[in-house]
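Peer 1: Just so we're aligned: the sequence shown equals residues -21 to -1, 1 to 498 in mature numbering (1 follows the signal peptide of the UniProt record, and there is no 0). Cβ coordinates follow ideal geometry from the N, Cα and C atoms, glycine included. First the structure, which I've put down as structure tokens, then a few questions once you've had a look.
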Amino acid sequence: MRFFNQLVAVCISLLVATTSAGFVSYPRPSIYNKSAHFSLKVNGTYAYTVSYAGYDYVQLSMDEGHPTEFRIALTDESSITSYNISPLKTSIPATVDGNELVFTVTTANYLIVEINDEKKFIILADPSETDVPDTTASNVYNVLNYTADNTGATTTKGVQAALDAAEGHAGSIVYVPPGLYIVPNLYIHSQTSLYLAGGAVLRMSDNPDDYKHDFYKSGDGNGTWWIRTDADSKDIKVYGRGTIDGNGQTIFHLEPRFIADLLVPVGTTNFKCDGILVRDASFWAVVPIQVTTASITNIKILDRFNIGQNDGIDVVESTDVTIDRAIAITNDDSFSTKTWPYNVGTTVPYPYKPRPLRNVVFNNCIAWTNCYGYKVGQGIYESQDNVTFTNSVVYTAAVGLGIDHKFGTSTVSNVSFTNMDIEGLHGTNFGHATWLAVLVELDNGAGVGPVEGVLVNNVTARVLGKYNSLVQGYNSSAMVSDVTIGNVYVHNSTVPAKTLADIKVLDTDYSEGIKLVNN
């Protein structure tokens, strides 16, 4: 019977995915509507679009290395009068054919497409999968064999039952076929992988009583770690092309409010995550907490703009973490690092005492946010050292690049922002509106500390922001020091800025050693 169910799942997966000339468009889950504004044909075959709040999107995988044609059609207009494809640095040439925008690529990209005055259209193209589990293998645990309900009719315990069955079997893979699974808290055990097939959705229910209340956040209420690793675990992987849906639009607006961190690798070693789409967070979406060695790749975080602290990826008190090829569309910070005090509020469930943060890299990312695109802070209760943001894009933000030492007395050191492209800025965040903010500030007696050793190099600043840039400490014991800025290209200039005034670095109280060095 188990083999029969696995065979049926494989056949369903093959039937519902649209394949043509090296691309796969994953089936649109039943709870999502197709875009009312856009259709997309890839190599002549329609892909499954999804309607969302503030933007629509499509998710697919494609073979790289040969031309793949995209045709985006406006379904509610007859002509295209303007368009833009971001990241701008990709320089993808496009043509207009009636009501279609046409372009060809040979590599998979995450693209934000603007056409006329419509809402934005997000193309989430990943490289083709190379590690889809063999569902007939003895180490694969199909959740349908553990009474998981894939219709969304009930809150199902079948996914956790499969995870528990896999526990203790090194190299085990829990396989989630396409379908809608309303699930309570999930605990992923040591040496176990969780694979979400394209078209599979894990979703939170509408009822906070279905979840463990792990912490309390002042002003927001009770919260949970929805999908987490076991503490003291190792070699865990979450991957595939499925979706983790936090149902934030519902639970964030409950009375009383409920919030959730969606994917929480915590107290684990050698964690990997690849290819997952995470959407609709009510709080921080992906939060590696006290992790040693982690790799998060090809991740897509799609949040709403009417939910408060829905950060994209917050790396907390962790060491040797790499975020590579990611997009985070959020109301709050897209990508950040933090360290926090012991056993207070959101840190109550942390498995260990506070730890420093070391050796964290954000590479090849795209940020779209109303707050900071890339940020160290605000919590600096333990030291943060060697944090790198590189080869990444700010589509738009209030502050593009930043260090905000707001809570705590420890030191931030050796932070670099290199090969960054700031396409747009808008609004303000606590009075800040700029391409660069490196500052120390005091909030409700939480303490201050120094920032030492900052490199900002090879930045395309197409806009500089409404206000001056900040490189500013708090007092003589909490200085910002040893800041090197170089090769900042303002607007469309091909020549780097020659003075700090050219890049609006004018607010420099309690700072020392600020150098402008161009190659």
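Would DSSP call Asp290 helix, strand or coil?
Peer 2: Taking the sequence shown and counting its residues from 1, the one referred to as residue 290 is at position 311. Three-state DSSP puts Asp290 in coil, outside helix and strand.
Peer 1: Thinking Ser184 and Pro106 are a contact (beta carbons under 8 Å), I'd like their distance in whole angstroms, please.
Peer 2: Sequence index remark: in the sequence shown, residue 184 carries index 205 (1-based). Sequence index remark: in the sequence shown, residue 106 carries index 127 (1-based). Incorrect: roughly 33 Å between the Cβ atoms, too far for contact.
Peer 1: What are the start and end residues of each continuous alpha helix (DSSP H) run of 4 or more residues lying completely inside the region 195 to 280, in chain order?
Peer 2: You should have 227 to 230.
Peer 1: So Val419 and Gly452 are in contact, right, with Cβ under 8 Å, and what is the actual spacing, rounded?
Peer 2: Stepping through the sequence shown from its first residue, residue 419 is reached at position 440. Stepping through the sequence shown from its first residue, residue 452 is reached at position 473. Confirmed, about 5 Å.
Peer 1: Is Lys385 near the ligand ADP, going by C-beta to nearest heavy atom under 7 Å?
Peer 2: Ligands displayed in this structure: none; no statement on the ligand ADP is therefore possible.
Peer 1: Span of the alpha helix (DSSP H) holding Gly137?
Peer 2: For the purposes of this step, residue 137 is identified with residue 158 of the sequence shown, where counting begins at 1. Segment Gly137 to Ala145, the alpha helix (DSSP H) holding Gly137.
Peer 1: Excluding five sequence neighbours on each side, which residues of the same chain lie with their C-beta closer than 6 Å to the C-beta of Tyr89?
Peer 2: Your numbering for residue 89 matches position 110 in the sequence shown. Around Tyr89: Leu103, Ile306 and Ile345.
Peer 1: So, at 6 Å on beta carbons, what are the nonlocal neighbours of Thr369 in its own chain, with the 5 sequence-adjacent residues on each side left out?
Peer 2: Taking the first residue of the sequence shown as position 1, residue 369 is located at position 390. Answer for Thr369: Asn342, Thr397 and Asn398, listed in chain order.
Peer 1: Looking at the strands, I want to know which residues DSSP matches up with Trp347.
Peer 2: Here residue 347 is taken as the residue at index 368 of the sequence shown, counted from 1. Its beta-bridge partners are Ile308 and Thr375.
Peer 1: Do the CB positions of Asp113 and Val119 come within less than 8 Å of each other?
Peer 2: What you label residue 113 is simply residue 134 of the sequence shown in a count that begins at 1. What you label residue 119 is simply residue 140 of the sequence shown in a count that begins at 1. Yes, the Cβ-Cβ distance between Asp113 and Val119 is below 8 Å.
Peer 1: Are there 16 or more other CB atoms within 10 angstroms of the CB of Asn285, so buried, or fewer, so exposed?
Peer 2: Here residue 285 corresponds to residue number 306 of the sequence shown, with the count starting at 1. Label assigned to Asn285: exposed.
Peer 1: Quick check: what's the CA-CA separation for Cys(-11) versus Asp364?
Peer 2: One-based indexing of the sequence shown puts residue -11 at position 11. One-based indexing of the sequence shown puts residue 364 at position 385. Confidence at Cys(-11) is low in this model, with a pLDDT of 42, below 50, so its placement is unreliable and no value can be given for it.
Peer 1: On a Cα-Cα basis, can you pick out the residue from Arg258, Gly246 and Thr309 that is closest to Tyr331?
Peer 2: Translated into positions along the sequence shown, residue 331 becomes position 352. Residue Gly246 is the option with its Cα nearest to Tyr331.
Peer 1: Determine the extent of the beta strand (DSSP E) in which Ser490 is found, giving its start and end residues.
Peer 2: Position 511 of the sequence shown, counted from the start, is the residue given in the question as residue 490. Element bounds for Ser490: Ser490 to Leu495.
Peer 1: Report back the beta-carbon spacing between Lys216 and Ser172 to the nearest angstrom; my notes put them in contact at under 8 Å.
Peer 2: Counting from 1 along the sequence shown, the entry for residue 216 is found at position 237. Counting from 1 along the sequence shown, the entry for residue 172 is found at position 193. About 4 Å separates the two Cβ atoms, so the contact holds.
Peer 1: Sorted by chain position, which residues of the same chain lie with C-beta nearer than 8 Å to Gly1's C-beta, five sequence neighbours on each side aside?
Peer 2: One-based indexing of the sequence shown puts residue 1 at position 22. Excluding residues within five positions, the ones whose Cβ falls inside 8 Å are Asn22, Met41, Asp42, His45, Thr47 and Ser107.
Peer 1: Thinking just about the alpha-carbon of each residue, which of Gly254, Ser371, Trp204 and Gln228 is nearest to the one in Pro328?
Peer 2: Numbered from 1 along the sequence shown, position 349 holds the residue referred to as residue 328. Here the closest residue by C-alpha is Trp204.
Peer 1: Here's the rule I'm using: 16 or more other beta-carbon atoms within 10 Å means buried, otherwise exposed. How should Tyr489 be labelled?
Peer 2: Numbered from 1 along the sequence shown, position 510 holds the residue referred to as residue 489. When all chains shown are included, Tyr489 counts as buried.
Peer 1: For Thr388, name the three-state secondary structure that DSSP assigns.
Peer 2: For the purposes of this step, residue 388 is taken as the residue at position 409 of the sequence shown. Coil at Thr388, not helix or strand.
Peer 1: Going by the CB atoms, is the gap between Glu296 and Pro235 shorter than 8 Å?
Peer 2: Start at 1 with the first residue of the sequence shown, and residue 235 comes out as number 256. Start at 1 with the first residue of the sequence shown, and residue 296 comes out as number 317. Going by C-beta atoms, Pro235 is not nearer than 8 Å to Glu296.
Peer 1: Do you know offhand how far Pro475's Cα is from Ile51's?
Peer 2: For the purposes of this step, residue 475 is identified with residue 496 of the sequence shown, where counting begins at 1. For the purposes of this step, residue 51 is identified with residue 72 of the sequence shown, where counting begins at 1. Rounded to the nearest angstrom, the two C-alpha atoms are 36 Å apart.
Peer 1: Near Gly352, what residues of its chain come up, given a Cβ to Cβ distance below 6 Å and the 5 sequence neighbours on each side ignored?
Peer 2: Along the sequence shown, read from residue 1 onward, the residue named residue 352 stands at position 373. Closer than 6 Å at the Cβ level, and outside the excluded window around Gly352, lie Ser313, Ala346, Val373, Ala376 and Gly379.
Peer 1: Leaving out five residues on either side along the sequence, give the residues of the same chain with a beta carbon under 6 Å from the beta carbon of Trp263.
Peer 2: In the sequence shown, the residue the question calls residue 263 occupies position 284. Cβ within range, chain order: Asp240, Asp290 and Asp293.
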